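*Asks:* Numbering (our numbering), first residue to last: 347 to 434. Below is a structure I'd like to ask you about.
Listed below in structure tokens is the structure:
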């Protein structure tokens with residue numbers, strides 16, 4: 347990658363895993379009653395978005411976007427999603 351940052355493999359792998367799991371088995375994002383769990387979906391998709399942005403090596407200049415799309419944000423959103431799914 348000329349003049350770019352290297353790939354951040356952990357974030358990219360998490361994003362790809364979320365993408366594939368959500369495509370292959372959508373009931374992962376539902377409540378026990380079978381309805382869409384919007385809080386869970388929002389956290390999972392936040393983790394996926396942050397994982398893709400950081401995973402491809404892009405680091406935003408503006409501090410707020412840099413925080414929201416960091417590897418730490420990806421991990422935090424994923425942990426919150428797992429915790430929320432575990433509560434159900």
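Even for Gly, the Cβ is constructed at its ideal location relative to N, Cα and C. Model, not experiment: these values are computed from the prediction.
The alpha helix (DSSP H) spanning residue 416 covers which residue range?
*Replies:* It is not in any alpha helix (DSSP H) - residue 416 carries neither H nor E in the DSSP assignment.
*Asks:* For residue 382, name the three-state secondary structure that DSSP assigns.
*Replies:* Correct three-state label for residue 382: strand.
*Asks:* Return yes when the C-beta of residue 402 is under 7 Å from any heavy atom of the ligand NAD, and no when it is not.
*Replies:* Here there are no bound small molecules, and the ligand NAD is not part of this structure.
*Asks:* Report back the beta-carbon spacing between residue 386 and residue 427 to the nearest angstrom; my notes put them in contact at under 8 Å.
*Replies:* Contact flag correct, Cβ pair sits at about 6 Å.
*Asks:* Looking at the strands, I want to know which residues DSSP matches up with residue 440.
*Replies:* With the chain running from 347 to 434 in the structure shown, residue 440 is simply not present.
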